[in-house]
Amino acid sequence: MEFINEIKRDVLSSVLKTGRRADNRGRYDYRKIVIQPEILQNAEGSALAAIGKSQVMAGVKFDVAAPFPDRPTEGVLSTSADLLPLASDLFEAGPPGDDAIELARVVDRGIRSSGTIDLNSFYLEEGKVLALYLDIYVLDHDGNLIDASALAAMSALLSTRMPKVEDGKIIRGEYAGKLQLKEKVVSCTFGKIGEQTFLDPSLDEEKGMDCRLTLSTTSTHLCAAQKGGWGSFSERDIMELLDISFEKGKELRAMLK
Amino acid sequence: MNGEVAKAPELYKDGRRLDGRALDELRPIKIEARVLNDADGSAYIEWGKNKILAGVYGPSECIPRHDQSLYRSVIRCRYNMAPFSGLEEHGKGGPSRRSKELSKVIKEAFENVIISENFPKTQIEIFVEVLQSDGGTRCAALTAAAVALADAGIPMKDLICAVAVGKIAGHMAVDPSKEEDNFGESDMPIAFSLRTGEILLFQMDGLLTKEELAKGFSLARAAAEKIHKIQVDAIKKVYTEPKEERLLLIK
Chain A
1 MEFINEIKRD VLSSVLKTGR RADNRGRYDY RKIVIQPEIL QNAEGSALAA IGKSQVMAGV
61 KFDVAAPFPD RPTEGVLSTS ADLLPLASDL FEAGPPGDDA IELARVVDRG IRSSGTIDLN
121 SFYLEEGKVL ALYLDIYVLD HDGNLIDASA LAAMSALLST RMPKVEDGKI IRGEYAGKLQ
181 LKEKVVSCTF GKIGEQTFLD PSLDEEKGMD CRLTLSTTST HLCAAQKGGW GSFSERDIME
241 LLDISFEKGK ELRAMLK
Chain B
258 MNGEVAKAPE LYKDGRRLDG RALDELRPIK IEARVLNDAD GSAYIEWGKN KILAGVYGPS
318 ECIPRHDQSL YRSVIRCRYN MAPFSGLEEH GKGGPSRRSK ELSKVIKEAF ENVIISENFP
378 KTQIEIFVEV LQSDGGTRCA ALTAAAVALA DAGIPMKDLI CAVAVGKIAG HMAVDPSKEE
438 DNFGESDMPI AFSLRTGEIL LFQMDGLLTK EELAKGFSLA RAAAEKIHKI QVDAIKKVYT
498 EPKEERLLLI K
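As they're listed, the protein sequences go chains A and B. Oh and the first sequence: position 119 is 119 in this note's numbering, straight run, nothing missing. For any residue, its number in this note's numbering is found by taking its place in the second sequence, counting from 1, and adding 257.
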């Protein structure tokens, strides 16, 4: 299919030169975003985020676990992503592949390094902490799964109820207030074809583009980044795209309640 | 449950079950067809607190080729529970023995009704994701998968559906909830082709007399008639009220 992607690249490149996209968006416009928080009752937190035709669900579960030996007072945050076979004929059932692992790790880094979750508050007693499992469930794939996953994850965390804990055990179905968060982390993913950059690549654009750049931000800081693909960015590109990320981040944060 | 034996609640009292239902009463069921963009067919079902998504691909080229049949399409099914679907601890990754068995029996039910001889050398894939579970997920999964197959335009001899019957506090009852299944005396999921009356999925555990089995069949068949109507309405709605975009809207 290599040659089809080559043709896509040519077409996308010439369309971008007009200042518009194949679906008539501007270069730095998102597709329509729909976020639904609190959609599940058994999970402690949940949300569904759609960007265009990409749909991603996130679920949060708590368990009691042993802390990492080098951080005995810190809780555990574990993020994983499933590219479900019903989401795309490109996905197969089975253990997570490179793409799923990269997706989970990029989302995880944004949340972790922003410090939005105070993992010290998950300490229960010596050798016992709470573990937060964040599962990203990709239901429909039309490109830019990273931003959709980050929105679903953040929205699920914002809706997360803390489990009630007694004698070092979780009492299922009972809760003790909401998970406290310090920041709303959002990510902006850009594609690049030739010298032209654009926000929120669709699946077609992903197939034709040279590389992508994800910038996760809080309202004040860059908190995670990931470059993917064979192409390259200049320092100036990255500085410019960071400005756009902060700008777009405001809009995304406003959608997260 | 943390190693302790949970105390059994009173399952049937004054003609009402734990959640207030009568013995022949189903939990509320809602089906929405065509909720995914990439899958050839899809359906989302809410059955009580169960929330399940089904997606279908095919008929498409059967890969690997040594699985191909010269005579018919190969039907595949994957039933999977999301790690956050239960109220208890976080689920483990990968298919369990339970989910492999359920995938198999659901697939075999569909092998009866899909007119697979129309599509030699191809495969039809059915994927079911349990997003939230509350007892009776295999029946809800099969019911949603049937709608997803119809949405994909795959020719079938019938639109099949499934429902379980259980024995709770000595009474036969339709559509047991998770608690009724856990503390009841018997559980019996059944899938029907109502057009012919045939039974396409049949499992049972616990203890039943022959009379109780007969009572279970009649309860299940009456409930299946209602479920079938909800399935047909869901498929009709795709055409009578076409949507501009396919979006999974929950609750």
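Glycine included, each C-beta is placed from N, C-alpha and C at the ideal position. Just so it is clear, the structure is predicted and the values come from calculations on it, not from any experiment.
Within chain B, partners of residue i - CB distance below 7 angstroms
{"i": "P37 (chain A)", "result": "Result: empty, since nearest Cβ-Cβ is about 10 angstroms, beyond 7 angstroms."}
{"i": "V107 (chain A)", "result": "Chain B residues near V107 (chain A): none, gap ~15 angstroms exceeds 7 angstroms."}
Straight-line Cα distance separating residue j from residue i
{"i": "A265 (chain B)", "j": "A426 (chain B)", "result": "11 angstroms"}
{"i": "L103 (chain A)", "j": "L145 (chain A)", "result": "8 angstroms"}
{"i": "G272 (chain B)", "j": "H428 (chain B)", "result": "10 angstroms"}
{"i": "R452 (chain B)", "j": "V422 (chain B)", "result": "20 angstroms"}
{"i": "G249 (chain A)", "j": "M57 (chain A)", "result": "20 angstroms"}
{"i": "V185 (chain A)", "j": "Q226 (chain A)", "result": "15 angstroms"}
{"i": "I411 (chain B)", "j": "F384 (chain B)", "result": "15 angstroms"}
{"i": "L199 (chain A)", "j": "G393 (chain B)", "result": "43 angstroms"}
{"i": "E365 (chain B)", "j": "L457 (chain B)", "result": "8 angstroms"}
{"i": "S245 (chain A)", "j": "S187 (chain A)", "result": "8 angstroms"}
{"i": "S317 (chain B)", "j": "I372 (chain B)", "result": "15 angstroms"}
{"i": "F122 (chain A)", "j": "L181 (chain A)", "result": "13 angstroms"}
{"i": "L505 (chain B)", "j": "T466 (chain B)", "result": "43 angstroms"}
{"i": "G143 (chain A)", "j": "G231 (chain A)", "result": "18 angstroms"}
{"i": "I447 (chain B)", "j": "E469 (chain B)", "result": "15 angstroms"}
{"i": "A397 (chain B)", "j": "M445 (chain B)", "result": "14 angstroms"}
{"i": "V489 (chain B)", "j": "Q460 (chain B)", "result": "25 angstroms"}
{"i": "E455 (chain B)", "j": "V292 (chain B)", "result": "30 angstroms"}
{"i": "E251 (chain A)", "j": "V331 (chain B)", "result": "47 angstroms"}
{"i": "R25 (chain A)", "j": "V495 (chain B)", "result": "28 angstroms"}
{"i": "A43 (chain A)", "j": "E374 (chain B)", "result": "42 angstroms"}
{"i": "N259 (chain B)", "j": "C223 (chain A)", "result": "Confidence is the limiting factor: at N259 (chain B) the pLDDT is only 49, short of 50, which leaves the residue's position unreliable and the question unanswerable from this model."}
Under 9 angstroms between C-beta atoms of residue i and residue j
{"i": "S13 (chain A)", "j": "I170 (chain A)", "result": "no"}
{"i": "L139 (chain A)", "j": "L86 (chain A)", "result": "yes"}
{"i": "S114 (chain A)", "j": "T218 (chain A)", "result": "yes"}
{"i": "D243 (chain A)", "j": "L213 (chain A)", "result": "no"}
{"i": "G173 (chain A)", "j": "L124 (chain A)", "result": "no"}
{"i": "F91 (chain A)", "j": "H347 (chain B)", "result": "no"}
{"i": "D297 (chain B)", "j": "A407 (chain B)", "result": "no"}
{"i": "I111 (chain A)", "j": "L83 (chain A)", "result": "no"}
{"i": "E267 (chain B)", "j": "D432 (chain B)", "result": "no"}
{"i": "G75 (chain A)", "j": "L40 (chain A)", "result": "no"}
{"i": "S159 (chain A)", "j": "P37 (chain A)", "result": "yes"}
{"i": "A300 (chain B)", "j": "A405 (chain B)", "result": "yes"}
{"i": "S434 (chain B)", "j": "L275 (chain B)", "result": "yes"}
{"i": "L48 (chain A)", "j": "M154 (chain A)", "result": "no"}
Residue-chain proximity (residue i, chain A), Cβ-Cβ < 9 angstroms
{"i": "G348 (chain B)", "result": "yes"}
{"i": "I507 (chain B)", "result": "yes"}
{"i": "F376 (chain B)", "result": "no"}
{"i": "L327 (chain B)", "result": "no"}
{"i": "K424 (chain B)", "result": "no"}
{"i": "D391 (chain B)", "result": "yes"}
{"i": "V341 (chain B)", "result": "For clarity, residue 341 (chain B) is Phe in the given sequence; the question names Val instead. Yes, F341 (chain B) counts as interfacial toward chain A."}
{"i": "A481 (chain B)", "result": "no"}
{"i": "L406 (chain B)", "result": "no"}
{"i": "M258 (chain B)", "result": "Note on M258 (chain B): pLDDT 45, under 50, position unreliable in the model; the coordinate value appears next. Answer yes: the Cβ-Cβ gap between M258 (chain B) and chain A drops below 9 angstroms somewhere."}
{"i": "L399 (chain B)", "result": "no"}
Closer than 8 angstroms at the beta carbon, the chain B residues around residue i
{"i": "A104 (chain A)", "result": "Going along chain B, no residue has its Cβ under 8 angstroms from A104 (chain A), so there is no contact; the nearest lies around 12 angstroms."}
{"i": "D89 (chain A)", "result": "D295, Y314, S317"}
{"i": "K53 (chain A)", "result": "N294, D295, E502, R503"}
{"i": "V60 (chain A)", "result": "F341"}
{"i": "D63 (chain A)", "result": "E346, H347"}
Cβ of residue i within 9 angstroms of any chain B Cβ
{"i": "K178 (chain A)", "result": "no"}
{"i": "M255 (chain A)", "result": "no"}
{"i": "Y30 (chain A)", "result": "no"}
{"i": "V185 (chain A)", "result": "no"}
{"i": "D135 (chain A)", "result": "yes"}
{"i": "M57 (chain A)", "result": "yes"}
{"i": "S46 (chain A)", "result": "yes"}
{"i": "P95 (chain A)", "result": "yes"}
{"i": "A152 (chain A)", "result": "no"}
Contacts that residue i makes with chain A (C-beta to C-beta distance below 7 angstroms)
{"i": "L344 (chain B)", "result": "N42, R172, G173"}
{"i": "K287 (chain B)", "result": "Near K287 (chain B) there are no residues of chain A at all, since even the closest Cβ is about 14 angstroms away, more than 7 angstroms."}
{"i": "E386 (chain B)", "result": "L84, L86"}
{"i": "F440 (chain B)", "result": "Per Cβ cutoff of 7 angstroms: no residues; F440 (chain B) is ~16 angstroms from chain A at best."}
{"i": "F449 (chain B)", "result": "Under the 7 angstroms cutoff, chain A gives no residues; its nearest Cβ is about 25 angstroms from F449 (chain B)."}
Contact list for residue i against chain B, beta-carbon separation under 9 angstroms
{"i": "A81 (chain A)", "result": "By Cβ distance, chain B contributes nothing, its closest Cβ being about 11 angstroms from A81 (chain A), past 9 angstroms."}
9 angstroms Cβ cutoff, residue i in contact with chain C
{"i": "H141 (chain A)", "result": "Protein chains A and B are contained in the structure displayed, whereas chain C is not."}
Chain-ordered neighbours of residue i on chain A, where CB pairs are closer than 8 angstroms
{"i": "K264 (chain B)", "result": "Correct list: empty, because the minimum Cβ distance to chain A is about 15 angstroms."}
{"i": "L359 (chain B)", "result": "Result: empty, since nearest Cβ-Cβ is about 14 angstroms, beyond 8 angstroms."}
Self-check item: At least three beta-carbon pairs within less than 8 angstroms, the stretch 301-318 of chain B to the stretch 383-391 of chain B
Solution: yes
Quiz item: Are the stretch 19-37 of chain A and the stretch 92-109 of chain A touching, with three or more C-beta to C-beta distances below 8 angstroms?
Solution: no
Quiz item: Hey, is the stretch 125-135 of chain A in contact with the stretch 152-169 of chain A, meaning 3+ C-beta pairs nearer than 8 angstroms?
Solution: yes
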